[in-house]
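Trainee: Chains as they are written, first to last, in this note's numbering: chain A, 1 to 152; chain B, 1 to 152; chain C, 1 to 426; chain D, 1 to 426.
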Ligand SMILES: Cc1ncc(COP(=O)(O)O)c(C=O)c1O
Ligand SMILES: Cc1ncc(COP(=O)(O)O)c(C=O)c1O
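#1: Do residue 395/C and residue 409/C have their CB atoms nearer than 9 Å?
#2: With 7 Å as the limit, tell me which residues of the region 261-277 of chain D have their beta carbon closer than that to any beta carbon of chain C; keep them in chain order.
#3: What did DSSP end up calling residue 271/C once you bin it into helix, strand or coil?
#4: Taking DSSP's pairing of strands, which residues face residue 27/A in a bridge?
#5: Under DSSP, the alpha helix (DSSP H) around residue 35/B begins and ends at which residues?
#6: Exposed or buried, residue 162/B, counting other C-beta atoms within 10 Å across all chains shown (16 or more means buried)?
#7: Taking Cβ positions only, does residue 127/C come closer than 9 Å to chain A?
#8: Can you check whether the C-beta of residue 427/D is within less than 9 Å of a C-beta belonging to chain A?
#9: Can you tell me whether residue 349/C is buried or exposed? The criterion is at least 16 other CB atoms within 10 Å of its CB, across all chains shown.
#10: Less than 8 Å between the CB of residue 51/C and some heavy atom of ligand 2, yes or no?
#11: Return the residues of the region 109-130 of chain B that lie within a Cβ-Cβ distance of less than 8 Å from chain C, sorted by chain order.
#12: Could you name the residues of chain A that residue 512/C contacts, counting a contact when the two beta carbons are closer than 8 Å?
#13: Please list, in chain order, the chain B residues whose beta carbon lies closer than 8 Å to that of residue 384/D.
#14: Using alpha carbons as the reference points, say which of 140/D, 138/D, 149/D lies closest to residue 131/D.
#15: Indicate the three-state DSSP secondary structure (helix, strand or coil) for residue 116/C in the structure shown.
#16: On the three-pair Cβ rule with 8 Å, is the region 286-299 of chain D touching the region 255-273 of chain D?
#17: If contact means a Cβ-Cβ distance below 9 Å, which residues of the region 188-207 of chain D contact chain B?
#18: Please state whether the Cβ-Cβ distance between residue 19/C and residue 50/C is less than 9 Å.
#19: Excluding the 5 residues flanking residue 308/D on each side, which residues of the same chain have their C-beta closer than 6 Å to its C-beta?
#20: Residues of chain A with CB closer than 9 Å to the CB of residue 151/D, please, in chain order.
#21: Is the CB-CB distance between residue 217/C and residue 73/D below 9 Å?
#22: Tell me the start and end of each unbroken beta strand (DSSP E) in the region 335-365 of chain C that is at least 3 residues and wholly inside, in chain order.
#23: What residue range is occupied by the uninterrupted beta strand (DSSP E) comprising residue 66/D?
#24: Going by the C-beta, is residue 382/D closer than 8 Å to any heavy atom of ligand 1?
#25: Leaving aside the five residues before and after residue 344/C along the sequence, list all residues of the same chain whose C-beta is less than 7 Å from its C-beta, in chain order.
#26: Three-state secondary structure (DSSP) at residue 331/D?
#27: Quick one: list the residues of chain B neighbouring residue 394/D, beta-carbon separation under 9 Å, in chain order.
#28: In chain order, which beta strand (DSSP E) runs of at least 3 residues are fully inside the region 148-187 of chain C?
#29: What residue range is occupied by the uninterrupted alpha helix (DSSP H) comprising residue 193/D?
#30: Quick one: list the residues of chain C neighbouring residue 38/B, beta-carbon separation under 8 Å, in chain order.
#31: Does the count of Cβ pairs from the region 312-322 of chain D and the region 216-235 of chain D closer than 8 Å reach three?
#32: Can you find a C-beta in chain C that's less than 9 Å from the C-beta of residue 144/A?
#33: Can you find a C-beta in chain D that's less than 9 Å from the C-beta of residue 418/C?
#34: For residue 123/D and residue 358/C, I'd like the C-alpha separation in whole angstroms.
#35: Residues of chain C with CB under 9 Å from residue 298/D, in chain order?
#36: I want to verify the contact list: residues of chain D whose CB lies under 9 Å from the CB of residue 222/C, in sequence order.
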């Protein structure tokens with residue numbers, strides 16, 4: 001059992017909690033964007049929906065899917081970080097999450113902005129799982145682009 | 001130059017003579033069979049023509065082609081071994097030549113029957129050239145089959 | 001089945017059907033590898049097998065001693081390379097009991113072999129309203145080429161369903177295969193369920209309606225004696241990398257008369273007999289289907305892999321796999337919350353076990369096992385339709401080969417208990 | 001061209017353009033090989049090059065230390081294999097200055113790469129009355145796929161003629177390439193004439209009429225710096241085995257936007273993103289074009305080959321080849337009754353010399369040289385139309401690479417004299 005200790009960095013308590021109890025996973029009615037992404041090699045799936053207010057800012061979000069603890073918890077954690085953001089804000093968050101996963105330096109303020117998602121930073125030590133962690137975020141990036149196009 | 005001595009077994013005098021002065025290489029008019037074969041890997045070509053008399057025996061032969069000394073001399077030597085043979089006789093000769101090339105034991109009488117072609121037996125020591133030596137004979141085999149079909 | 005004696009067989013306490021793994025393991029350098037501080041336990045053999053020293057050395061020998069292009073050279077290196085290369089083809093032909101080495105085409109892998117048939121044979125022989133019958137448990141490589149062929153031709157793909165016990169429903173198969181069936185394509189051994197399919201029987205049914213039979217042997221040829229003449233199949237596809245051989249090379253066996261009538265698929269050097277500016281004539285079998293410089297080194301290494309397996313005896317290999325499969329199945333019964341896929345009867349299956357857990361995702365299980373140096377595969381196993389049919393998106397799979405032991409299966413079971421406990425506690 | 005310093009370059013008496021062959025030769029185990037009692041002189045590099053220890057070792061390392069299937073595994077071996085495998089793709093992309101590794105598709109060889117384009121791009125983009133322009137000096141692999149495409153589609157293949165000096169007639173090329181031209185396909189360096197073709201110029205002419213440009217780089221990528229962006233080509237095909245890499249693997253570079261619009265050609269595992277019983281969706285580039293388990297070991301070894309060549313510096317490699325080519329051309333002048341094919345100007349060609357003799361057939365010359373341990377190639381060199389256009393059915397060819405020396409060329413010339421003398425005397 002000792003050998004499993006190394007896993008704690010990957011599976012933080014909060015990560016498993018989001019996996020087991022995903023937040024905002026109910027489908028939205030008439031979302032502004034509705035995107036499905038998957039990882040062709042492992043089959044993990046994420047469906048992300050956003051609604052925006054008149055100001056173009058996210059007013060409702062849903063993330064649902066099937067897959068491992070990392071991909072699904074990352075999706076759930078995402079739902080806590082998008083409310084009130086416009087397309088630019090979403091892009092900024094995606095960029096920040098990518099930097100975190102790549103192991104680029106992230107300031108304390110930025111880490112604070114990521115809230116519970118900082119618990120996922122242990123993924124960096126398991127490079128093959130970074131793709132899992134980023135799956136939902138690639139959906140968000142696509143969503144942000146669609147919002148921008150819609151706004152034009 | 002010493003190192004070239006080993007070649008003498010492959011390039012017997014008589015072999016080179018047949019290469020330089022191919023026998024029966026003029027095309028026949030209205031041959032009974034007219035067959036072209038080639039070696040796809042090296043490009044050597046042989047065209048073989050036969051005429052037969054009323055008794056089904058070879059009355060005229062022509063072999064022409066392009067290629068190395070071994071493939072072309074073998075074709076020329078072939079022309080000296082087919083006169084007066086019927087399909088069965090041709091098959092027999094093809095089989096004998098194949099046995100010679102494979103290194104199977106060949107009796108003295110058989111060797112005699114091959115005449116000058118016995119000079120090609122050195123090819124056995126150069127296995128990759130056996131295909132060259134047999135090119136014309138594969139044409140003869142095809143020709144013998146065609147003669148048989150024609151006779152039916 | 002009687003098992004020929006081999007220097008690698010021995011009686012074992014567990015009943016005399018296991019290979020002498022101690023001796024075999026010594027032939028596989030990678031098995032000394034440490035992973036996360038533990039000696040590697042490699043249970044991902046259905047994805048790709050490990051390679052014995054003898055096979056690796058055959059590649060080194062080729063490159064260090066007689067590397068040259070084949071078929072076209074009069075120089076010594078080229079002659080030697082051609083000899084060993086063509087001898088490897090003959091070894092493969094003998095291994096599957098093909099009547100002639102002309103029937104043995106080198107491809108990149110099983111997938112390419114199946115694509116070759118779909119294009120070269122399929123485009124010429126399948127028409128509108130025809131159908132191709134395959135199974136609901138197929139690998140993507142034996143599904144998507146047929147779907148695309150069907151789309152090109154206005155034909156239909158039909159799937160023989162899989163019953164609860166992980167076996168093909170042969171009664172339905174008999175109905176699906178009809179006068180409009182041109183080809184039946186089925187895997188011999190399932191890479192997910194472990195099921196051994198009655199492909200010989202399918203071949204009979206296919207031939208009765210004038211259809212041809214293609215066997216996907218990717219999982220069977222490495223593990224059991226496969227005899228194309230006894231099976232009565234028209235095509236057999238498999239990959240060297242799953243049977244002690246190198247990556248990058250596979251085999252298509254095809255009945256000679258069928259392949260004589262097929263047009264080449266890829267064009268270029270070596271497959272032609274004559275080229276002019278106006279057109280080209282084709283070379284004979286097998287070369288007609290092999291365009292360009294072949295994978296010489298890996299063909300030679302495939303010959304070496306066949307030598308190695310011949311030495312073990314494929315009957316012995318199969319007995320070993322079945323014994324390990326049965327042992328694993330038995331031990332899995334201890335595990336609560338784990339569900340094993342495929343036939344319950346160990347006699348109906350080979351040496352692999354796919355499973356899933358009530359709550360822990362396979363990917364996370366695999367990650368935990370990796371911490372313990374145990375390599376298993378997780379995911380859709382390139383059989384999405386089958387896996388989804390079980391109501392899951394992914395499964396975990398432990399697959400065994402000639403060097404695996406009961407002790408390694410014990411370690412797997414312990415590891416799964418620990419992993420499940422880890423996730424349960426958190 | 002300036003040549004970067006490398007530990008393998010050195011000044012030489014002959015003018016500073018040769019590589020440090022003594023050092024390089026030590027990296028190639030096969031060069032110690034004895035053939036018929038002489039140390040091998042390997043002059044068949046255009047057929048396939050020899051492999052440095054470093055490349056061979058990369059294969060051994062993979063099989064002995066981290067062999068596993070790629071892309072689908074969470075376990076350590078699979079993660080390591082995937083990393084090194086994908087890093088090799090990035091190395092190749094950098095080597096040819098591709099904007100992204102998504103543009104780099106692994107194939108079996110040059111031939112397969114060209115077939116991929118002929119089927120996947122050609123079938124969708126070439127129609128009745130269209131034409132494909134290639135050259136009269138092409139390799140069969142860059143002729144027959146177009147002839148067959150043209151036959152399927154009712155299109156036409158046009159051949160840019162070759163002038164006396166072995167160069168393409170670019171004035172005619174400008175006329176042949178017209179509004180109905182969909183593709184121009186040309187070899188960068190000729191495997192028979194040694195000519196370097198102005199493929200960049202052809203690309204401009206092709207693009208001016210809206211056609212795409214495919215470059216057959218089989219003979220150029222191993223020998224000179226090739227930059228797909230500088231050339232402006234849309235596709236580039238080449239084989240690893242001619243550039244210090246293993247057999248069984250080649251590369252198709254394709255412009256990303258063009259390949260995004262292309263449909264996959266082979267179907268199966270890895271190239272899909274989703275499969276149902278009804279149909280399938282495709283994976284992204286580059287995987288869309290790679291069905292089944294890839295040739296992992298040889299992809300990794302190709303990365304090692306690129307490392308090796310990068311270390312030498314491709315500018316230095318090219319200078320070396322040109323210097324040897326020029327030296328050989330000069331020395332051939334001594335030989336009576338021998339005729340050299342291709343450009344007389346050594347500046348217009350690479351490191352190979354094809355030739356024929358008034359009376360002795362190339363095959364017999366090759367046989368005689370083999371007795372002296374000298375390996376050359378003889379035959380049609382997979383360029384039958386070109387060779388026949390010279391009024392011969394076969395030619396002999398000596399082709400040089402990074403480890404060849406002027407002394408080896410001296411031995412070739414002496415050997416040819418001896419061989420001609422041998423046949424003359426008998
Ligand atoms: C110019 C040229 N094109 C294409 C090829 C075909 O390469 P491969 O046989 O590796 O497919 C070759 C080599 O034989 C060549 O020299
Ligand atoms: C049953 C089955 N068919 C086909 C394949 C495809 O083999 P490859 O990836 O070597 O083409 C596999 C292995 O992945 C398999 O298990």
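Note that beta-carbon positions come from the ideal geometry of N, C-alpha and C, so glycine has one too.
Mentor: In short, the structure shows the following:
#1: Start at 1 with the first residue of the third chain, and residue 395/C comes out as number 395. Start at 1 with the first residue of the third chain, and residue 409/C comes out as number 409. Contact: no.
#2: 266, 267, 268, 269, 272, 274, 275, 276, 277
#3: Reading the third chain from its first residue, position 271 is the one you call residue 271/C. Here residue 271/C sits in coil by DSSP.
#4: In the first chain, the residue the question calls residue 27/A occupies position 27. DSSP, once it has assigned bridges, lists no residue as partnering residue 27/A.
#5: By one-based count along the second chain, residue 35/B stands at place 35. Counting along the chain, residue 35/B falls outside any alpha helix (DSSP H), though it belongs to the beta strand (DSSP E) covering 33-38.
#6: A query on residue 162/B cannot be resolved here, the shown segment of chain B reaching from 1 to 152 and no further.
#7: Numbered from its first residue, the third chain carries residue 127/C at position 127. Residue 127/C does not count as touching chain A.
#8: The structure shown does not extend to residue 427/D, since chain D is modelled only from 1 through 426, so no value can be given for it.
#9: Here residue 349/C corresponds to residue number 349 of the third chain, with the count starting at 1. The residue in question, residue 349/C, is buried, as its Cβ has 16 or more Cβ neighbours within 10 Å.
#10: Position 51 of the third chain, counting from 1, holds the residue named residue 51/C. Residue 51/C Cβ: outside cutoff for every heavy atom of ligand 2.
#11: 127, 128, 129
#12: A question about residue 512/C goes unanswered here, because the residues of chain C that appear run from 1 up to 426.
#13: Taking the first residue of the fourth chain as 1, we reach residue 384/D at position 384. Here the neighbours are 43.
#14: If you number the fourth chain from 1, residue 131/D lands on position 131. The shortest Cα separation from residue 131/D among 140/D, 138/D, 149/D belongs to 149/D.
#15: In the third chain, the residue the question calls residue 116/C occupies position 116. Correct three-state label for residue 116/C: helix.
#16: yes
#17: none
#18: Residue 19/C sits at position 19 when you count from the first residue of the third chain. Residue 50/C sits at position 50 when you count from the first residue of the third chain. It is not a contact, given that the beta carbons lie outside the stated cut-off.
#19: Reading the fourth chain from its first residue, position 308 is the one you call residue 308/D. So the qualifying residues of the chain are 52, 54, 244.
#20: As a working note, residue 151/D is residue 151 in the fourth chain. By Cβ distance, chain A contributes nothing, its closest Cβ being about 35 Å from residue 151/D, past 9 Å.
#21: In the third chain, residue 217/C corresponds to position 217, counting from 1. In the fourth chain, residue 73/D corresponds to position 73, counting from 1. It is not a contact, given that the beta carbons lie outside the stated cut-off.
#22: 338-340, 352-357
#23: As a first step, residue 66/D must be located in the fourth chain, where it is residue number 66. First-last for residue 66/D: undefined, no H or E at that position.
#24: Counting from one through the fourth chain, the residue named residue 382/D turns up at place 382. Indeed, a heavy atom of ligand 1 lies less than 8 Å from the Cβ.
#25: Position 344 of the third chain, counting from 1, holds the residue named residue 344/C. If we look at residue 344/C and ignore the five residues flanking it on each side, its Cβ neighbours are 165.
#26: Translated into the one-based positions of the fourth chain, residue 331/D becomes position 331. Reduced to three states, the DSSP call for residue 331/D is helix.
#27: On the fourth chain, position 394 is the one that residue 394/D refers to. Here the neighbours are 42, 43, 44, 66, 67, 68.
#28: 156-160, 181-187
#29: On the fourth chain, residue 193/D is found 193 positions in, with the first residue counted as 1. Careful: residue 193/D lies outside any alpha helix (DSSP H) and carries neither H nor E.
#30: As a working mapping, residue 38/B is identified with position 38 in the second chain. Simply 273, 274.
#31: yes
#32: If you number the first chain from 1, residue 144/A lands on position 144. Chain C contact via Cβ: absent.
#33: What you label residue 418/C is simply residue 418 of the third chain in a count that begins at 1. Chain D contact via Cβ: absent.
#34: Locating residue 123/D in the fourth chain gives position 123, where the first residue counts as 1. Locating residue 358/C in the third chain gives position 358, where the first residue counts as 1. Approximately 48 Å, taken between the alpha carbons.
#35: Reading the fourth chain from its first residue, position 298 is the one you call residue 298/D. Correct list: 246, 247, 248, 295, 297, 298.
#36: Taking the third chain and counting its residues from 1, one reaches residue 222/C at position 222. Per Cβ cutoff of 9 Å: no residues; residue 222/C is ~13 Å from chain D at best.
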